[in-house]
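Before any comments, here is the structure.
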Amino acid sequence: VSKQQTFHCVRAREMTKGEKTNVTSGVQSGAPSDMPALRCYKAMLSDLSNPAYGRTEYRFSYADVLRILNDAKQIFRKEPTPVECKAPAVVVADLHGQYGDLLRMFSSFDEIRDGKKSAGYRSQRYIFLGDYVDRGMQSTEVIMMLYLLKILYKSQFILLRGNHETAAINKQYGFHAELARRLRPADADTIFSMVNEVFSYMPLSCLLAKTVLCMHGGISPKLSSLKDILDIPKPIVDPSTNELACDLLWADPMVGLSGFRPNSVRGLSKFFGEDALDNVMRKIGVELIIRGHQVAYSGHRFYHGRKLITLFSAPGYSTKCDNKGAVVRVNSDGRLHFKIFPPTATSLNDDAICEHDLANELDDTHAVAGVAGKNVKGGL
598 VSKQQTFHCV RAREMTKGEK TNVTSGVQSG APSDMPALRC YKAMLSDLSN PAYGRTEYRF
658 SYADVLRILN DAKQIFRKEP TPVECKAPAV VVADLHGQYG DLLRMFSSFD EIRDGKKSAG
718 YRSQRYIFLG DYVDRGMQST EVIMMLYLLK ILYKSQFILL RGNHETAAIN KQYGFHAELA
778 RRLRPADADT IFSMVNEVFS YMPLSCLLAK TVLCMHGGIS PKLSSLKDIL DIPKPIVDPS
838 TNELACDLLW ADPMVGLSGF RPNSVRGLSK FFGEDALDNV MRKIGVELII RGHQVAYSGH
898 RFYHGRKLIT LFSAPGYSTK CDNKGAVVRV NSDGRLHFKI FPPTATSLND DAICEHDLAN
958 ELDDTHAVAG VAGKNVKGGL
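Just so we're aligned, residue 598 is where the sequence shown starts under the working numbering, counting upward by one.
Have a look at this one:
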């Protein structure tokens, strides 16, 4: 976003007849998906895919950002709070504004088709677990890239909400400061408000192939069926006002705990133990839970055998352990395949290669048993 507001493409054309823009409220009306806008979005997506923008800020126009946010909001408003999709799918967890690592992850799935390169973001179905913003330097690029992909390839990209997709959090931990640095004050406040309005409509969970439940945080004593998630009203401006929504975004597993107890570390939501996990998984009929929310040194960590995976996709996020990032592909037969990314490296170093190979050696032999049988009716 540029203080000089260099209009990139949406407002470089004459506004469509009947289209109106209210910059003060951040609300636009008119055709949200007209062909000139779609061509613009594809051109912008192509630009944003340049690895150089993993190191340099992209100059979005203010009008383009408003238009993208409005179009994304219309999509999320129509999605249920729990969404469903089929396998195979790649699950991606916390990114926290590390746009270069998002590009690196996508490029790891690049394919050659008919002698031509197919971008990694087109070769897979993706489920993102939230925490797109804060702490990193390019939260704007992360959410704009993902919202463009959602608009252009709606069924291929599932974007869940994380605990940082709430104004009270992302005003404190870096996103608002990033907008203030890149925009005039009034414009920064407008964009900040509209981004958080979009966040309030995003889904909270995804059921993958009927057997794998994905969310950002964890389970809840209020979760006894997926209908409980469906019944959470949208928009959810403040998730802490709804116990189930809060737990889906904030809860953490604890080894050795029985049942649930208040999460004293985070100051809200709960810790949950192995028995609570077994009970909830039995009630809702799933065989695996994949969640983010906590740093894992290797990018992923198993809990309670292989019933829950904590995934973290932002390498080098922790200054204490220099963690790796990871994503996991759930194949059609239920097998898990991890990709592990070291911090700041352009290719895997020897240690990371060994760890990567070991993870895949272990986890490719483990399949989520119900996926192959239930995948046919698994949603998108």
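Note that beta-carbon positions come from the ideal geometry of N, C-alpha and C, so glycine has one too.
Note down the Cα distance separating residue i from residue j, rounded to an integer number of angstroms.
i, j, result
"phenylalanine 657", "histidine 693", "19 Å"
"valine 620", "tyrosine 659", "Any reading at valine 620 is ruled out, since the residue's pLDDT is 27, under 50, leaving its predicted position unreliable."
"serine 866", "lysine 714", "45 Å"
"glutamine 735", "glycine 864", "27 Å"
"glycine 896", "valine 927", "16 Å"
"valine 965", "alanine 783", "50 Å"
"valine 924", "alanine 634", "31 Å"
"phenylalanine 725", "proline 800", "11 Å"
"glycine 889", "aspartate 661", "30 Å"
"methionine 742", "leucine 642", "7 Å"
"valine 968", "leucine 749", "28 Å"
"proline 677", "glycine 814", "18 Å"
"glycine 922", "tyrosine 900", "18 Å"
"leucine 905", "isoleucine 886", "5 Å"
"glycine 651", "threonine 941", "11 Å"
"histidine 773", "methionine 791", "12 Å"
In the DSSP assignment, the alpha helix (DSSP H) including residue i goes from what residue to what residue?
i, result
"methionine 632", "632 to 645"
"arginine 674", "659 to 675"
"methionine 851", "From DSSP, methionine 851 is part of no alpha helix (DSSP H); its letter is neither H nor E."
"glutamate 871", "871 to 881"
"isoleucine 887", "Element bounds for isoleucine 887: not the alpha helix (DSSP H) but the beta strand (DSSP E), 885 to 888."
"alanine 842", "840 to 847"
"glutamate 738", "736 to 749"
"isoleucine 829", "Isoleucine 829 -> no alpha helix (DSSP H), and no H or E assigned at all."
Find the nearest neighbour of residue i within the set the options, judged by alpha-carbon distance.
i, options, result
"lysine 768", "Phe789, Ile755, Arg781, Gly717", "Phe789"
"tyrosine 723", "Ala684, Asp872, Arg732, Glu738", "Ala684"
"valine 739", "Tyr696, Thr763, Gln721", "Tyr696"
"phenylalanine 868", "Ala848, Cys682, Arg674, Ser797", "Ala848"
"leucine 745", "Thr907, Ser646, Val852, Val892", "Ser646"
"proline 912", "Thr678, Gly733, Ala640", "Gly733"
"phenylalanine 938", "Ile833, Lys824, Gly902, Leu699", "Leu699"
"isoleucine 829", "Cys918, Ser797, Arg858", "Ser797"
"cysteine 918", "Phe935, Val892, Gly902", "Val892"
"lysine 819", "Leu854, Cys811, Lys831, Leu845", "Leu845"
"aspartate 825", "Asn839, Gly856, Leu908", "Asn839"
If you run the structure through DSSP and keep just helix, strand and coil, what is residue i?
i, result
"histidine 897", "strand"
"phenylalanine 938", "strand"
"alanine 949", "With a pLDDT of 46 at alanine 949, under the threshold of 50, the modelled position of this residue cannot be trusted, and the question is left open."
"arginine 858", "strand"
"phenylalanine 789", "helix"
"phenylalanine 909", "coil"
"proline 685", "coil"
"valine 965", "coil"
"tyrosine 650", "helix"
"proline 782", "helix"
"arginine 719", "helix"
"asparagine 892", "What sits at residue 892 in the sequence shown is valine, not asparagine. Coil."
"leucine 933", "strand"
"valine 624", "With a pLDDT of only 29 at valine 624, under the threshold of 50, the placement of this residue in the model should not be trusted; the figure read from the coordinates follows. Valine 624 falls in the strand class under three-state DSSP."
"valine 795", "helix"
Locate the beta strand (DSSP E) running through residue i, then write down its first and last residues.
i, result
"tyrosine 770", "That residue, tyrosine 770, is in no beta strand (DSSP E); it is neither H nor E in DSSP."
"cysteine 803", "802 to 805"
"methionine 812", "809 to 812"
"serine 704", "Taken as a continuous stretch (DSSP letters only), serine 704 belongs to no beta strand (DSSP E), being part of the alpha helix (DSSP H) at 696 to 704."
"serine 715", "713 to 715"
"leucine 756", "754 to 756"
"arginine 926", "922 to 927"
"isoleucine 709", "708 to 710"
"isoleucine 816", "First-last for isoleucine 816: undefined, no H or E at that position."
Heavy atom of the ligand NAP less than 7 Å from the Cβ of residue i, yes or no?
i, result
"methionine 741", "Summarising the ligand content, the structure contains no ligands, and the ligand NAP is consequently not present."
At least three beta-carbon pairs within less than 8 Å, the stretch 880 to 897 to the stretch 794 to 813: yes
Three or more C-beta pairs below 8 Å linking the stretch 769 to 784 and the stretch 700 to 719: no
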